[in-house]
Amino acid sequence: MSVLEKLTSADAIALEDKFGAHNYHPLPVVLSRGEGVYLWDIEGKKYYDFLSAYSAVNQGHCHPKIISAMIHQAQTLTLTSRAFYNDKLGIYEEYVTKYFGFDKVLPMNTGAEAVETAVKICRKWAYEKKGISENNAQIIVCDGNFHGRTTTIISFSNDENARKNFGPYTSGFIKIPYNDVEALENVLASSTTIAGFLVEPIQGEAGVYMPSEDYLAKAKALCAANNVLFIADEVQTGIARTGSLLAVCGNCTCENKCEKQASYVAPDILILGKAISGGAYPVSAVLANNEIMNVIKPGQHGSTFGGNPVAAAVAMAALDVVNEEKLSQNARHLGKIFRTELGKYIENSNIATLVRGKGLLNAIVINDTEDSDTAWNICMKMAENGLLAKPTHGNIIRFAPPLVMTEEQLLDCISIIISTLQQFEK
Ligand SMILES: *Cc1c(COP(=O)(O)O)cnc(C)c1O
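Be aware that the sequence shown starts at 1, since it is given in the numbering used here, and climbs by one per residue.
This is how it looks when you write it as structure tokens:
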């Protein structure tokens, strides 16, 4: 089409359909601008964002502090590769390791890359420190996990759609039920070749499944007792989303230095992505202490873009915002209101049966079969009513707005959600 014609939503959708691979099934909304908790489509309709790009935009769309750091760095130096040092990486590495309380960081770009990195570090540690014989290390993972889309990661997924016809799969993973301490204990007791336990503190993608209160602490204790690395994938749950800096911080409300809190369940390896950049740039990170991270030597792992100066500048600004704007506390406060209000509605609802979650990572379960399109239809109607959310697995709708939302905006959103649900009551 000519550049002089104004692109409509229908045009944009047709272009993606014709020229893009069909690896997503988006809601038919074409967004062209974002600010804070709001998004606008190309026709100018305004929406509340209740997905936050799968919790990447915790700091709100186009946060001025983050964007300004990005612009400044982009005008100065964007990429050197790690063939040379740059003047931002070391400063960022000190910043991010102190922020999360680890000795070292390995910077990557996407969440999946960070998970891959953690798997590699864990295996290498198993051979060189734990003394497992080469090629025999196993990593325990959980049913219903989501850790990304690479060949190795989908090898241990049980989402058939994500796996089918992508084999042969990477071996060395043992799946156990999520939130099942006994299952973990049994596997650990039955094998001497376990290197790590990779877990999401809350299973976001699967439908915001919350483990029992003491699950993580017990799992960590079992790992420690068996000299097995406890690896937390906080790509979605981290960076204030669940009402604390990390989901492994438990009920601690401080904005950082959580290692000092009693409720903190210390991961041996921490995986971060998504909101570590506030959604401005692909940034991910793997954090660990020296005795683990030092197994990686020059040439054994890397990425052309990992740790680039723009990523470093953006991530520092994005993490500053989390502290300055007390996003954990806000997520905690608003999350309680969200679950209380939705919970009250659901008591007398036929269409929604349950609300669950922590902080501002929540979901409602829709009363229909897993393969029905009711959740989809509700999301379509919510979009019409000015709020964007998307069904996740089964008949579950995840609600994850930017954490910069005000209480007044949240109450407005709750009334949009409830009035939409009312249109679907039987
Ligand atoms: C999104 C996500 C990933 C993958 O991140 P990408 O940046 O999409 O590769 C990994 N783990 C969890 C828990 C996630 O939510």
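Don't be surprised by glycine CBs; every beta carbon is placed ideally from N, CA and C.
Asked: contact_flag[the segment 315 to 328, the segment 49 to 69] where n(CB pairs < 8 Å) is 3 or more; Found: yes
Asked: Local Cβ density within 10 Å of Gly90, reported as buried at 16 or more and exposed below that; Found: exposed
Asked: Gly273 beta carbon less than 8 Å from that of Thr110; Found: yes
Asked: Short Cβ contact (8 Å threshold) for Gly386 with Lys46; Found: yes
Asked: 6 Å Cβ shell around Arg163 - same chain, five flanking residues per side excluded; Found: Ile154 and Ser157
Asked: Whole runs of the beta strand (DSSP E) within the segment 91 to 138, excluding any shorter than 3 residues; Found: 104 to 108
Asked: Closest Cα partner of Ser370 within the set Leu354, Thr392 and Gln138; Found: According to the sequence displayed, residue 370 carries Glu and not Ser. Checked all of Leu354, Thr392 and Gln138; the closest Cα to Glu370 is Thr392.
Asked: Backbone CA spacing between Gly172 and Leu229 [nearest angstrom]; Found: 15 Å
Asked: Which residues DSSP lists as bridging Ser284, in chain order; Found: Met108
Asked: Test item: CB-CB of Lys390 and Leu51 under 8 Å; Found: yes
Asked: Residues near Tyr38 by beta carbon distance below 8 Å, same chain, minus five either side; Found: Lys46, Tyr47, Tyr48, Asp49 and His61
Asked: Any 3 or more C-beta pairs closer than 8 Å across the segment 277 to 287 and the segment 62 to 78; Found: yes
Asked: Delimiting residues of the beta strand (DSSP E) encompassing Arg398; Found: Ile396 to Phe399
Asked: Proximity of Ser263 and Gly243 at Cβ, strictly below 8 Å; Found: no
Asked: Ala183 to Ser212 span [Cα, whole Å]; Found: 14 Å
Asked: Glu5 beta carbon near ligand 1 (any heavy atom closer than 7 Å); Found: no
Asked: heavy atom of ligand 1 below 7 Å from Gly278 C-beta; Found: no
Asked: Gln203 (DSSP reduced to helix, strand or coil); Found: strand
Asked: Buried versus exposed call for Glu200 [16 or more other C-beta atoms within 10 Å across all chains shown]; Found: buried
Asked: Closest residue to Leu410 among Leu342, Ser372, Arg356 and Thr374 (Cα-Cα distance); Found: Leu342
Asked: Contacts around Leu198, its chain only, beta-carbon distance under 6 Å, and the 5 residues preceding and following it disregarded; Found: Ile139, Val141 and Ile231
Asked: Closest by C-alpha distance to Lys6, when choosing among Ala14, Pro26 and Ile42; Found: Ile42
Asked: Heavy atom of ligand 1 within 7 Å of Glu116 beta-carbon; Found: no
Asked: Counterpart residues of Gly307 in DSSP-defined beta bridges; Found: DSSP output for Gly307 lists no bridge partner at all.
Asked: Thr152 Cβ short of 7 Å to ligand 1 heavy atom set; Found: no
Asked: Closest residue to Val235 among Ala219, Ile194, Asp214 and Gly204 (Cα-Cα distance); Found: Gly204
Asked: Rounded Cβ spacing between Gly299 and Arg82 (contact assumed at less than 8 Å); Found: No, Gly299 and Arg82 are not in contact; Cβ-Cβ is about 11 Å, not under 8 Å.
Asked: Residues near Val119 by beta carbon distance below 7 Å, same chain, minus five either side; Found: Ile139 and Thr152
Asked: Boundaries of the beta strand (DSSP E) in which Val355 is found, first to last residue; Found: Ala352 to Lys358
Asked: Heavy atom of ligand 3 within 7 Å of Thr242 beta-carbon; Found: Of the ligands one can find in the structure shown, namely ligand 1, none is ligand 3.
Asked: Cβ-Cβ separation, Asn350 to Lys426 (assumed contact under 8 Å), whole Å; Found: 5 Å
Asked: Terminal residues of the beta strand (DSSP E) in which Lys175 lies; Found: Phe173 to Ile176
Asked: Rounded separation between Val314 and Asp268 - CA only; Found: 25 Å
Asked: C-alpha distance - Ala112 paired with Asp233, whole-angstrom precision; Found: 10 Å
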